[in-house]
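First comes the structure, then the notes that go with it.
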Amino acid sequence: MSDLLLTHGYFLFEDEKEMQIMRPYPTLGLLYISAYLRRAGFDVEIFDTTFSQRRQLYARLAQGRGTLGIYTNLMTRRPVLDIVAEAKRRGWTVILGGPESANYPAEYLASGADVIVTGEGEATMADLLPALAARGPHALHGVQSTVFRDGEGVVVTNPERTKIADLDSIPWPDRGRIDQARYVDVWREKHGMGSVNMITARGCPYKCNWCSHAVFGYTHRRRSFLDSAAELQHIMETYRPDQVWYADDVFTISHPWLFGYAKELKRRNLRVPFETISRADRMMKDEVLRTLADMGCYRIWIGSESGSQRILDGMERGVKVDQVVWAAHAAKRHGIQVGMFLMWGYPGEQIDDIAATVDLVKRCQPDIHLTTVAYPIKNTGFFRGAGDRVVSDKPWAQATDRDYRIKGRHSRTYYKQADSWLNNEVAAARLDRENPGEARIRREAARHARESMLALSSEVEA
Ligand code: B12
Ligand code: SF4
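Numbering (my numbering), first residue to last: 134 to 595.
Listed below in structure tokens is the structure:
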């Protein structure tokens, strides 16, 4: 029996939508913890649920009791709660980590979990496992960055642990402990490009107030470009993907780092196609875009959110609309595809702000744009600001933070029409020259969607 079994609650085959999208990546957090603990001498096993079925995980749990660690994020609340219940029924000690359980420690403890690890898991787990073995789950006083219930059932929150200062000091994710090749194959089959994810930094210092900082706070710590390049080389030699995805929060946040990394990749003769995410204000130099393109960047996602400066300022985004326009055009000039993330329904948004977003996307003409109706994640400024207007129709255990409604906000149908307005208007602008007839039809559909929104504008969430 290993010292620790690690798992998560993402079952790809349970979700038809995810099956259609089919862009799975392993959860890096678990792989980092495994590598760190194994180097420290612990015996760790990973049960990667992505391509698996619940019954297979449950069969593993039935083989004998031990300590189970589960990664949580806001989408996997229900499956994680089911796994906790099954593990407890089988006599396991259950530890949860990741952003979701850090936001709801009391709820997860009340649902059967023994310990919640808040923040980075590596050093905390190395302390926690021996403490659990020696003292059991109700006397964990002093084990930093954990929350547990004492003998009386009182929830105890231990002080926070200092974050790992030198990220180069921790080992690379333990990809060899899961079927990493299957991820690469699935990507290749579905999208023609096998892909592997990696990170070159932890945390983001910006304060966009709908964004969750539950794990890394507002720190920003970078790996050296030498260590990052060495990991990339290892990935290429071991898994032979056709591309990588840098899952950093803001890949171009440090320009000196970026230039150093690019140089190091060149020195190693590594030019690997990749996609990543950034902020427009950290892309405002041609040299940055040129470097990204030289390194192999084929698509950059820009968190654009809204075309209305008033709304961007309300989000505390710290970005100007003109920067987004410049960055999108500059990326395209350098042959990099542009993806734009956009958000509807941020507090205070009026139809004129939506019109500004439609206009922004028309001006930028990204290769892809994706919209979300803003939802308040627990412990964010957005959540706190919405106060008692945040309501849920389902009990906590049946819902996710995505199910929160905001009283007084427009209906889901309203935002569906906003999508239709946006998509048709952007398509019309593209079609104007090559197919004016089709462009007219799309523009008419956009006008219709906008009128529907006006008609729906008095319908608000109660
Ligand atoms: C990459 C990514 C994705 C990828 C996930 C693919 C993958 N498997 O990696 C994609 C694009 C699919 C994605 C989707 C979504 N994501 Co996302 N994503 C990220 C991102 C940018 C990086 C994740 C990562 O690799 N981090 C690096 C590792 C090292 O950190 P970590 O996972 O947190 O792990 C550490 C600790 O949490 C802890 N830990 C982790 N697991 C465990 C387990 C145990 C037992 C213990 C003790 C500790 C522990 O230790 C780890 C090492 O220190 C994070 C933001 C971020 N910077 O973390 C957002 C983030 C996790 N995503 C978020 C959200 C909201 C989503 C979506 C809901 C978005 C949407 N609207 O659809 C979906 C949900 C997808 C799903 N079905 O689960 C939020 C989660 C908020 C929350 N409270 O849950 C985050 C935090 C972004 C944010 N700042 O708001 N995402
Ligand atoms: S949205 Fe992006 S830039 Fe803003 S705080 Fe979150 S990670 Fe940082």
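Glycine is no exception: its CB is placed at the ideal position from the N, C-alpha and C atoms.
Those residues which DSSP pairs with residue i across a bridge
| i | result |
| --- | --- |
| F407 | V377, C430 |
| N330 | W378 |
| M473 | I435, H502 |
| R538 | V524 |
| F180 | T140 |
| F281 | V248, V289 |
| R172 | Paired residues: none, contrary to the question. |
Ligand 2 heavy atom lying under 7 Å from the CB of residue i
| i | result |
| --- | --- |
| Y379 | no |
| K221 | no |
| K465 | no |
| C497 | no |
| D382 | yes |
| R412 | yes |
| K340 | yes |
| G162 | no |
| G447 | no |
| G436 | yes |
| C337 | yes |
Contact test: residue i Cβ vs ligand 1 heavy atom, cutoff 7 Å
| i | result |
| --- | --- |
| L403 | no |
| S345 | yes |
| L229 | yes |
| V348 | yes |
| V598 | This structure gives no information on residue 598, because the portion of the chain shown stretches from 134 to 595. |
| E253 | yes |
| M152 | no |
| M208 | yes |
| Y165 | yes |
| N291 | no |
| G202 | yes |
| Y143 | yes |
| Y158 | yes |
| E364 | no |
| V317 | no |
| N330 | yes |
With 16 other Cβ atoms within 10 Å as the buried cut-off, status of residue i
| i | result |
| --- | --- |
| Y394 | buried |
| G142 | buried |
| H324 | exposed |
| I216 | buried |
| D358 | Per the sequence presented here, residue 358 reads as Phe, with Asp not at that position. Burial call: buried. |
| F407 | buried |
| L502 | Inspection of the sequence shows that residue 502 is occupied by His rather than by Leu. Per the 10 Å Cβ criterion, buried. |
| G481 | exposed |
| G230 | buried |
| T371 | exposed |
| D557 | Note that residue 557 is Asn in the sequence shown here, rather than Asp. N557 is buried by the Cβ-count criterion. |
Simplified DSSP assignment, three categories, for residue i
| i | result |
| --- | --- |
| H141 | strand |
| V227 | strand |
| T546 | helix |
| L201 | strand |
| F358 | helix |
| T295 | coil |
| R321 | helix |
| I249 | strand |
| F515 | helix |
| R335 | strand |
| V452 | coil |
| V276 | coil |
| V593 | strand |
| N556 | helix |
CB-CB length for residue i against residue j, believed under 8 Å
| i | j | result |
| --- | --- | --- |
| I510 | E594 | About 18 Å separates the two Cβ atoms, so there is no contact after all. |
| D301 | R356 | 6 Å |
| G284 | H271 | 5 Å |
| L262 | T200 | 7 Å |
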